[in-house]
Structure formats: structure tokens, C-alpha cells
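Sequence lines, in order, name chains A and B.
The working numbering numbers the first residue of the first sequence as 49 and each following residue consecutively.
The working numbering numbers the first residue of the second sequence as 49 and each following residue consecutively.
Glycine included, each C-beta is placed from N, C-alpha and C at the ideal position.
Number of protein chains: 2
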Amino acid sequence: MATLFHHPLCPHSRFVRLLLGEFGIDATLVEERAFERRTEFLIMNPAGTTPVFQEEQSGAIPGAAVIAEYLDETRGLAMGDRRLLPGDPMGRVEVRRLVDWFNGKMYDEVTGYLVKEKVFKRFMPAELGGGAPDMAAIRAARSNIRYHLAYIGFLMQGRNWLAGDRLSWADLAAAAQLSAADYLGDVPWNENEAAKHWYARVKSRPSFRPLLADRVLGMEPSEHYADLDF
Amino acid sequence: MATLFHHPLCPHSRFVRLLLGEFGIDATLVEERAFERRTEFLIMNPAGTTPVFQEEQSGAIPGAAVIAEYLDETRGLAMGDRRLLPGDPMGRVEVRRLVDWFNGKMYDEVTGYLVKEKVFKRFMPAELGGGAPDMAAIRAARSNIRYHLAYIGFLMQGRNWLAGDRLSWADLAAAAQLSAADYLGDVPWNENEAAKHWYARVKSRPSFRPLLADRVLGMEPSEHYADLDF
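Okay, structure coming up:
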């Protein structure tokens with residue numbers, strides 16, 4: 049049995065959960081509070097971040113992009129035309145560029161702030177930086193998210209999915225980031241119809257269902273969070 | 049002819065220059081001041097960051113890790129036992145984990161601060177954030193670098209190269225980050241003999257020579273920067 053060490057609102061963990069769903073891999077989910085720096089967890093991932101994936105025949109595999117490459121290398125060909133990474137080098141460049149965009153740039157500018165300020169700081173002891181949210185950081189994130197929604201809308205003008213004709217890592221990375229912000233009620237969906245329409249399509253995939261069932265202790269999701277027709 | 053849009057002290061650009069050297073690819077180097085947000089550059093890489101690689105048969109390929117994957121996919125097999133990415137999935141996991149560590153974590157904690165505060169801010173107009181360096185950021189970087197040197201020393205206890213038996217992306221990523229800090233005189237080499245010895249081996253490779261010849265306008269490198277016996 050495979051195991052995923054994750055946090056329900058960690059966007060990078062959500063990306064891997066979507067991947068596992070698309071591959072049809074059942075994994076035991078272990079909730080990890082990375083900020084607690086548990087020794088056994090640091091041995092698996094010295095960087096101390098979620099997600100970490102592990103299966104019987106592998107050691108610990110840390111990091112969203114590293115896990116994605118591993119899953120493609122060990123199972124991608126068997127996916128046939130449902131493979132989430134194209135076969136041609138420039139198609140792969142575009143998918144990886146967009147994964148970096150959403151898991152890196154969007155996380156640094158939007159979701160990282162939202163999740164840290166609104167969620168993790170509630171559970172962190174004061175000496176590790178816990179406490180009241182920094183409203184300036186939340187305002188910056190809410191401003192920055194509009195640019196990322198607009199970029200999704202721009203990409204969807206000429207494409208069927210974010211990186212091209214087929215569903216890819218790029219869609220799952222973008223949707224994972226947005227889904228964490230959406231749980232917190234911080235996505236202004238009405239600002240971009242094309243982005244909203246694209247998200248509705250990803251959200252209705254079976255791989256998305258477990259994310260929609262997530263509940264974080266003491267924090268209800270936004271009203272429309274689990275609604276497929278939002 | 050291939051082209052690399054880079055900055056001489058951008059550690060991610062240096063990583064790609066080392067890769068190109070190992071592959072024996074001649075590329076025209078175009079110095080890009082990413083903070084100027086040149087329109088033609090933003091078309092190649094909407095994220096607005098160096099490096100971007102381009103060759104006749106490809107479009108623009110942005111981002112250090114994306115370029116590395118592209119070079120391996122188009123030329124890796126022809127490298128034989130000099131290939132910089134192992135063939136087995138868990139070997140690849142370890143290489144990619146360490147590339148993330150150095151290009152991501154070490155950059156965020158050390159080299160990103162050093163290069164921004166000491167180099168880029170000299171060339172940036174005030175309205176884009178240019179001006180005097182933030183000494184607190186530089187002090188944080190100088191403190192954090194000791195942990196990364198120690199981690200290299202730790203890895204080298206049981207390995208021939210950082211990720212295992214053979215030279216890989218991991219060595220080039222770590223050396224690229226350190227080389228930028230070393231240009232600025234901010235690597236306390238005497239703190240870790242194993243890390244210093246490993247760096248001397250990477251530094252003596254022919255792929256490293258162009259980096260040692262770099263000079264940034266108005267900023268001399270540290271005294272030992274180009275010295276192979278430092």
C-alpha cells in the first residue's frame with residue numbers, strides 16, 4: 049500500500065492527490081504538520097515539507113514535481129492517451145513550465161500566504177511563528193490571485209486544457225492551488241468566466257472528489273467549495 | 049546556434065551554463081536584466097526570470113529545471129555513462145530532490161538574497177527596488193549558507209558525488225549556487241573540508257571555466273574565485 053504524507057490544505061499535497069486519483073493509485077493519507085519537524089518525517093524529507101510519497105517498492109519520494117516525474121516514469125506509458133505528460137519534448141517543456149508557474153510562482157505570490165496566514169498559524173505554537181494572521185500578506189495574496197486567474201483565462205483562449213489539447217499536470221497543479229484558496233473563500237470566480245469554466249471541468253473529475261470532502265478542524269470551507277455548479 | 053538568455057551571477061543561469069558545458073553545446077550568451085521586463089523576453093518567458101534557452105529546432109525553454117529535463121530528453125542517451133541523470137527511477141528521485149534543494153531552498157535562503165542585495169540592486173532603478181543593500185538580508189544569507197555547506201559535507205560522507213556514484217545535475221546545481229556566492233566572497237570554505245574538496249573537483253571541470261572568467265561590471269570577484277587551489 050502506498051502512503052502520502054500531506055496536509056489537507058497544502059496545495060502541493062493536493063496536486064499529488066489529484067495525480068494519484070488520475071492514476072487510480074490508492075494511498076493511505078497521513079496528515080503531517082510539517083512545521084512540527086517530526087524526526088521521522090525529516091529523515092524522509094530533510095527539507096521538511098509536504099508532500100512525501102512512499103510505496104512498497106520505493107523509498108520516500110519528496111516534493112510535488114519529483115513525485116509527478118516518478119509516477120510518470122513508472123506508470124506513464126501504461127496510461128496511453130490519458131497520460132498526463134506529453135511525449136514530445138516541447139510539449140513536455142510547456143507542461144513543466146506551467147507546473148513551475150502554479151506550484152512555484154502562484155504558491156509564492158498567493159496560496160503560500162493564504163494557507164500560512166489563515167490555516168497553519170492557527171495550529172503553530174507562538175514560538176514557531178503561530179498567532180494572528182498578517183492581514184497585509186492576505187491582502188497581497190487576494191490582489192495577486194486576480195493576475196493568475198487572468199493568466200488561466202488567457203491560456204484557455206486558444207487551448208482545450210491549460211497546456212494544450214489534453215489534460216496534463218498543468219491543469220492539476222493550477223486546480224490544486226486554486227482549490228486551497230477556494231476552500232478559504234479567496235477566489236473571485238466572477239472576474240474571469242474562462243478560468244471559472246475551466247475550473248468547473250477539472251472540479252467535476254472523479255479525482256477531485258476526495259479534495260471536495262476535505263474538512264479542516266474548526267474551519268468550514270467556503271459555501272460553494274464543494275458545489276460543482278458554483 | 050543555440051542561445052541562452054542569462055545573467056552572469058544568476059545561479060540558475062550558471063547551472064544551465066554548466067549543463068551546456070557538460071553536453072558540449074555551444075550557445076550564444078545574451079545578458080538579460082530580468083528586472084527590466086523587456087517585452088521580447090516576457091514573450092519567451094511570461095514569468096520574467098532567467099535563464100531561457102532556445103535552439104533552432106525548439107521554441108523558448110524557460111527555467112533551470114525545465115531546461116535540464118529538455119536537454120536530458122533530447123541528448124541524455126547519447127551521453128552514455130556521462131549522462132547527468134541516472135536511469136533508475138529512485139536514482140532520478142534523489143537527483144531531482146537535490147536539484148530542488150539547491151536551486152529552490154538554498155536559493156531562497158542564501159543566494160537569492162546575496163545576488164539581489166549585492167548585485168541586482170546596484171543596477172535596478174530606485175522605483176524597481178534598487179538602492180543600498182539590506183544588510184539584514186545579507187547577514188541572514190551568510191548565516192544560512194553554513195547549513196548548506198554542512199549538508200554537502202554530510203552527503204559526501206558516503207558518496208562519490210552529491211547524488212551517488214556519478215556526477216549529476218545535483219553537483220552542478222549546488223556548485224552553481226555556491227559559485228555565485230563565492231564570486232561575492234560569501235562562502236566560508238574553511239568550515240567544511242569535505243564540501244570544499246567536493247567543490248574543488250567540480251570547479252576543475254572544463255565546463256566550469258567560462259564561469260570562472262565571468263566579471264560583473266564594477267564588481268571584482270573575491271580573490272580566490274578563479275583559483276582552482278583555493
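Per DSSP, what are the beta-bridge partners of residue i in this structure?
i	result
E79/B	H54/B
F101/A	L52/A and I109/A
V264/B	M267/B
G212/B	W209/B
Rounded to the nearest angstrom, what separates residue i and residue j at their Cα positions?
i	j	result
K251/B	G124/B	22 angstroms
L52/B	E175/A	45 angstroms
S270/A	F278/A	11 angstroms
Q205/A	A116/B	29 angstroms
W209/A	F202/A	11 angstroms
F89/B	A75/A	42 angstroms
R207/A	W246/A	10 angstroms
A261/B	S191/B	27 angstroms
A189/B	W149/A	25 angstroms
L220/A	Q102/A	20 angstroms
R170/B	V163/B	10 angstroms
L259/B	G72/A	46 angstroms
R213/A	T122/A	The amino acid occupying residue 213/A in the given sequence is Asp; Arg does not appear at that position. Answer to the nearest angstrom: the Cα atoms are 23 angstroms apart.
V167/A	R187/A	15 angstroms
P134/A	G177/A	42 angstroms
K244/A	Y161/A	22 angstroms
A218/A	G96/B	19 angstroms
A126/A	A180/A	48 angstroms
Q105/B	V64/B	18 angstroms
Name the chain D residues that come within less than 9 angstroms of residue i, Cβ to Cβ?
i	result
D148/B	No chain D appears in the structure shown, which is made up of the protein chains A and B.
For residue i, count neighbouring C-beta atoms within 10 Å of its own C-beta (all shown protein chains included) and say buried if the count is 16 or more, exposed if not.
i	result
H272/A	exposed
P173/B	exposed
I91/A	exposed
R263/B	exposed
E70/B	buried
T159/B	buried
P236/A	exposed
R130/A	exposed
T87/B	exposed
G152/A	buried
Q225/B	buried
Y195/B	exposed
D182/B	exposed
A222/B	buried
R145/A	buried
Compute the distance between the beta-carbons of residue i and residue j, then report whether it is under 8 angstroms.
i	j	result
R62/A	A228/A	yes
P59/A	Y199/A	no
V141/A	I109/B	yes
L276/B	A242/B	no
L77/B	S255/B	no
G107/B	M138/A	yes
E157/B	A185/B	no
L215/A	L119/A	no
H319/A	E84/A	As shown, chain A starts at 49 and ends at 278. That puts residue 319/A outside it, with no answer to give.
V114/B	A211/B	no
A112/B	P99/B	yes
Y231/B	L68/B	no
D136/A	I193/A	no
L197/A	N240/A	yes
Is residue i close to the ligand PLP? I mean its beta-carbon at under 7 angstroms from any heavy atom of the ligand.
i	result
I200/B	Among the components of this structure there are no ligands whatsoever, and the ligand PLP is therefore not found.
Could you run through the stretch 114–143 of chain A and flag, in chain order, every residue whose CB is less than 8 angstroms away from some CB of chain B? V114, E117, Y118, E121, T122, P137, M138, R140 and V141
In chain order, what residues of the stretch 181–208 of chain A put their CB closer than 8 angstroms to some CB of chain B? Y199
Can you pull out the residues from the stretch 53–86 of chain A whose beta carbon lies closer than 7 angstroms to at least one beta carbon of chain B? none
Output needed in chain order: residues of the stretch 208–219 of chain B with a Cβ under 8 angstroms from some Cβ in chain A. none
Chain-ordered residues of the stretch 145–172 of chain A with a beta carbon less than 7 angstroms from chain B: R145, D148, W149 and K153
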